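Structure record follows, encoded as structure tokens.
Next up, the structure:
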């Protein structure tokens, strides 16, 4: 936890000019939250208070769901995903329109229950929206030239794992614990009014000071790039730190089945050939390398006993017929003698070792005055 706090402080300093007062306050409150987890104390934080209680909720009072509580649901037609938890959170800071600092142009929608309505009602409409966490009162202000398409991104698995504050919050609490309200509609979708949208979004960010916004400047992430030094330092910090089992499980759930980008797709023969050629000879990662005895032993162990995919299973006669290799036997004058359904049958009848027949098969060489072929000659 201490290392995590130090990373946040470090990130704060290398991007100082990129942060405004609100981000600094969020960083301070986040560090306070981390500190409270170790000391079992709650620290008041500067976050939104547009909830029914009208009070600022505290960090450190929220209960994390267990790994097994994380579930997902999928809509097959467009791969939208909703995150739900078996764990029930106490929604003590529900969004109350009466407490908002501005008027709205829509009722309060629930991200889980009203998804279809949201995406239908605001298709091809540009405007500003506010997302509110009903558990802790934290908020996010965003905009879109097409509000329906913009809000749909909060159901895309690839966006839910982008490590933004709002994405992490949805993963933690689930869509059902978030409300969304449309603050302002500029009109029909038109790229030419993008500057007007950004300008209007900035006014609402300044008004609400939403702590879930990664940047307090509307559109400020566009064209922003970390310096090479920052990238190097962040890379060094992550080295040797594998993903937690909880993160692995969530990623697996988000990209399994129909959510997999390659779901129901197949490589073309041309692609398969390119993939094969890209690993031939010196291009193969194992080219001129020998597997260590430890590695070989580990491979053997992984396929032995109950670890073997076929452990306890029996191949059907149909499967055996497909994998069996027929053996055609000829005498020294290449006159056909007999056909066997498999090498095993030839071994039993001819009393020749399995490996021997396999060795001479299709070599056009004789063994004890006999030729062995896998196809009729």
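Numbering (our numbering), first residue to last: 1167 to 1543.
Just so it is clear, CB atoms sit at the ideal spot from N, CA and C, and this is done for glycine as well.
All values derive from a computational prediction rather than experimental measurement.
Simplified DSSP assignment, three categories, for residue 1247: strand
Where residue 1373 falls, given that 16 or more other Cβ within 10 Å makes a residue buried: exposed
Buried versus exposed, by CB contacts within 10 Å (16 or more), residue 1501: exposed
DSSP three-state assignment for residue 1507, whether helix, strand or coil: coil
In chain order, each beta strand (DSSP E) run of at least 3 residues that lies wholly inside the region 1327 to 1398: 1344 to 1354
Segment contact flag, the region 1423 to 1440 with the region 1327 to 1346, C-beta cutoff 8 Å, min 3 pairs: no
Extent of the continuous beta strand (DSSP E) to which residue 1298 belongs: 1291 to 1299
Anticipated Cβ contact below 8 Å, residue 1509 with residue 1489, distance rounded: Not a contact, Cβ separation roughly 11 Å.
Alpha-carbon to alpha-carbon, residue 1318 and residue 1418: 21 Å
Alpha-carbon spacing of residue 1474 relative to residue 1483, whole angstroms: 20 Å
Given residue 1279 as reference, the closest of 1313, 1342, 1408 and 1307 once Cα atoms are compared: 1342
CB contact flag (residue 1492, residue 1507, <8 Å): yes
Range covered by the beta strand (DSSP E) that runs through residue 1462: Unbroken run through residue 1462 is the alpha helix (DSSP H), 1459 to 1468; no beta strand (DSSP E).
Per-residue DSSP class, three states only, for residue 1450: coil
Distance, residue 1528 Cα to residue 1504 Cα: 15 Å
For residue 1477 and residue 1516, the rounded distance between their alpha carbons: 31 Å
Same chain only: Cβ atoms within 6 Å of residue 1284, ignoring 5 sequence neighbours per side: 1275 and 1317
Separation of residue 1472 from residue 1540, as counted between CA atoms: 33 Å
Within 8 Å, strictly: CB atoms of residue 1286 and residue 1321: no
Under 8 Å between C-beta atoms of residue 1370 and residue 1294: yes
C-alpha gap between residue 1249 and residue 1340, whole angstroms: 5 Å
Residue 1354 burial status per 10 Å Cβ neighbour count (16 or more: buried): exposed
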